[in-house]
Ligand SMILES: [Zn+2]
Ligand SMILES: [Zn+2]
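Residue numbers (the numbering used here): 17 to 200.
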């Protein structure tokens, strides 16, 4: 079965959702319900995009979803990660549905009939599930920077990624260089 359309954008969506809360500084990107709509808008992909007007409750549910998705990255084993994903998939009612909106019929697991949280939950949990199945658990990482705990899914060929972003890599390299110079 081809789940390839759950391999790129949904994974990015999951990572961006988890990182929408900076757990080190406490900086929150999803501050008001409208931020949920903006988040969905900014992650447009190959699926329906219902014109929801998220409310306070949706904001609360999406934040709760976010902390569950973070647990996938914080899991100690693939078994633990899979258990979290299976719970989210079940709770978000991720059910296969045949879509004919593209060039050929294909499966989607999120529904327009649910809520923004269920919609985001089904897409992101599917994305992380496909990433886990196809890439393995060691692709899931948390930034090694001392000042950042953002998550990432490593798609580098040799699984060598240590940081969430180039920005963190650069900052850590500069810090390491300065420390070496001080030591020398
Ligand atoms: Zn589609
Ligand atoms: Zn980072």
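Cβ atoms here follow ideal geometry from the backbone N, Cα and C, with glycine treated the same way.
Residue i, DSSP secondary structure in three states
| i | result |
| --- | --- |
| residue 115 | strand |
| residue 152 | coil |
| residue 124 | strand |
| residue 146 | helix |
| residue 42 | coil |
| residue 37 | strand |
| residue 157 | strand |
| residue 171 | coil |
| residue 70 | coil |
Proximal residues to residue i (C-beta, below 7 Å), its chain only, five neighbours per side dropped
| i | result |
| --- | --- |
| residue 88 | 97, 100, 101, 144, 156 |
| residue 140 | 26, 29, 30, 33, 85 |
Contact belief for residue i with residue j at Cβ below 8 Å, rounded distance in angstroms
| i | j | result |
| --- | --- | --- |
| residue 137 | residue 81 | 5 Å |
| residue 123 | residue 116 | Not quite, the Cβ-Cβ distance comes to about 11 Å (not below 8 Å), so this is no contact. |
Sequence-distant residues of the same chain with beta carbon closer than 6 Å to residue i, five excluded per side
| i | result |
| --- | --- |
| residue 77 | 133 |
| residue 166 | 35, 159, 180 |
Rounded separation between residue i and residue j - CA only
| i | j | result |
| --- | --- | --- |
| residue 7 | residue 199 | Since the displayed the chain opens at 17 and closes at 200, residue 7 lies outside it and no answer follows. |
| residue 164 | residue 106 | 31 Å |
| residue 74 | residue 109 | 16 Å |
| residue 119 | residue 40 | 44 Å |
message: Give the residues whose C-beta lies closer than 6 Å to at least one heavy atom of ligand 3, in chain order.
response: Absence of ligand 3 from the depicted structure is noted, with ligand 1 and ligand 2 being the only ligands included.
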